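Report on the structure given below.
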Amino acid sequence: MDHSLLEQTRSELSPVLVDKVSNYVNESRSNTSQAITGALPLLLAFLNERLQNESSAKQIYDLAHQFEQSGLFSNESFLRVFEQNKHALLGKGNTCILELLRGKEEWAFDGLAEYSNITKEAASGVLAVVFPLIMSVVGKIITTDGLTAQGLASVFLQEKEAFVDAIPSGLHGLASRLGVQSQKFEPVVQPQSIKSTILPKVEAKISSAPGLSASRERRGNKGLLWLLLIPILAIAGYFIYQSFFAKEEIQKPIAPLRSETFGIDKNGVIVDNDLVPLLSVDGDTLNVKNGTLEVTPENFILLNGNYVYNSNGDAIKVDTTLVVTPKSLIVGVYDEATGNFIYDLDPEIEIPLKNGTKLKVGESSVENKLYKFLNDDNATVSEDKTQGWITLDRIYFEKGKSSLTPESKQQLKNLVLILKDYPKAKIKLGGYTDNAGAQEVNQPLSNERAQAAMRTMVLLGLKKERVSAEGYGAAHFVCATNDTPACMAQNRRVDLRVVEK
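Numbering (our numbering), first residue to last: 90 to 590.
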């Protein structure tokens, strides 16, 4: 091995990767960078401690082998894999982190979040990125050097001091809690430790009635025999328990803390709202009809007895009654003069209104999507508040302001006319920006824009109790890369979601 493990893993941390992860966890670049550079040596030191135990060493060795054999990292940089297979990569990363930390994951998430000033969810996402990064390097070392589990443990042990020295002082307490041994760390008393209390010895005195002492002495010999048998029976019971029950207990998957519900396509493949298939770490689709997956009574997905997680760290649930149909692909052009994205809304169609008039709109317009949803008795409002958002495709604002352009009011007027035909329906508007600028500026701006659209709809005749608005800033990008003017223009938008029907 030409370079140390620490150096090899650090070499994968390019500025571009940090930017991508920053966008993914929705945190500032500086805080994300601090979290990543702190988590890397922390996880390496943690893995070293686990590798010195024979059973857990085999677990880690097998995980690294799985990452290598999956083909994800074949002649590819970690950045490239992150860009192309993020969903599968981070889903596997989340699963592994939860399995390895077993009961300590909350400490890890909270500790890393506090150290780097990010949210607990973002800390979970960072660890889900860093662990596969380490495994990508370790897997290649195993293959190149022909290492066994024992050999891998030896490689890690040689670098223990380097790992520990690289852990920032702000993470020393967390490292100690996770079992990393070093004189550099002050001992941490685990909050769940049990303190035993030694009670003073009490000597029992028994007064015998006359004539009973001899019979008690004879019974005492039998009692002594039982006392001798108790340890033997206890040991036998322990081994019986280990043989029949302990393995099952160890293999029982950890109950998920968070979940996200997905639909399926017509072939039974689990897909997101854009009909993009969810992938396993091997790059395979997840299909509920081919027998490889188990669906629990709570609708969680199990693969080989383990919960399956998406790239956000949420356990995947599936609604088999929700068959997702393809959305129209986002087609349009970027207008450099205005900085807006002009959507191609396909052939013109007519929407019949109850007052006898007809709206002429594009087939893939938000007006048609809203009309079809409200007019379909079988379409229901999802309990998952992240689902069901549709982008207002002709709403624009003056640059850096919350002032609607004159042409934007026509679409809002159309939406009000449709909603008047469905008086029970209520909607929510969500405002979004790109990530050019600080979130401290973007979030208020996005909120002002959503509020401006809401006020306009009320002025056009929609009752104010039927519409609400909120700004989310640079979040939930519809164009995930957010790295071109056209992509960023798509992310500067107002979305609509039906909240009651």
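Where a beta carbon is used, it is the ideal one built from N, C-alpha and C, also for glycine. This one's a predicted model, so the numbers in the text were calculated from it and none came from an experiment.
query, result
"Span separating the alpha-carbon of I431 from that of K458", "18 angstroms"
"Three-state secondary structure assigned by DSSP to K181", "helix"
"Those residues which DSSP pairs with K517 across a bridge", "S557, R586"
"For G550, three-class secondary structure by DSSP", "coil"
"Alpha-carbon to alpha-carbon, G268 and M546", "58 angstroms"
"G560 versus V588 - alpha carbon distance", "16 angstroms"
"Cβ-Cβ separation, G228 to R156 (assumed contact under 8 angstroms), whole Å", "Residue identity differs from the one stated: residue 156 is Phe in this sequence, not Arg. Correct: roughly 5 angstroms between the Cβ atoms."
"Residue(s) in a DSSP beta bridge with T350", "K406"
"Euclidean distance between Cα positions of S557 and V114", "26 angstroms"
"Per-residue burial, S453 [other beta carbons within 10 Å of its own, 16 or more giving buried]", "buried"
"Whether L263 touches G357 by CB criterion (8 angstroms)", "no"
"R169 burial status per 10 Å Cβ neighbour count (16 or more: buried)", "exposed"
"C-alpha gap between Q46 and E529, whole angstroms", "Only positions 90 to 590 of the chain appear in this structure, which leaves residue 46 out of reach."
"Supposed close pair A211, A217 - CB separation, criterion 8 angstroms", "Going by Cβ atoms, the distance from A211 to A217 rounds to 10 angstroms, so no, they are not a contact pair."
"Residues that P441 bridges to, as DSSP identifies them", "K447"
"Spatially closest choice to G519 from K490, L548, T475, Q500, by CA coordinates", "T475"
"C-alpha distance - L504 paired with S492, whole-angstrom precision", "19 angstroms"
"I207 beta carbon less than 8 angstroms from that of L131", "no"
"Element boundaries [alpha helix (DSSP H), containing E194]", "194–205"
"Cβ-based burial, S111 [other Cβ within 10 Å; buried from 16]", "buried"
"Bridge-paired residues (DSSP) for E383", "L391"
"8 angstroms contact criterion, which A578 and Y423 should meet: CB distance rounded", "6 angstroms"
"Residue interval of the beta strand (DSSP E) (run including Y432)", "429–432"
"Three-way DSSP call (helix, strand, coil) for L493 in this model", "strand"
"Nearest candidate by alpha-carbon position, reference D254, set K193, G127, Q499, V226", "G127"
"Between the CA atoms of Y460 and K509 - distance to the nearest angstrom", "11 angstroms"
"Beta-carbon separation (whole angstroms), S258 vs Q123, contact threshold 8 angstroms", "About 13 angstroms; that fails the 8 angstroms criterion."
"For M224 and A153, believed in contact at Cβ under 8 angstroms, the rounded distance", "5 angstroms"
"Local Cβ density within 10 Å of S213, reported as buried at 16 or more and exposed below that", "buried"
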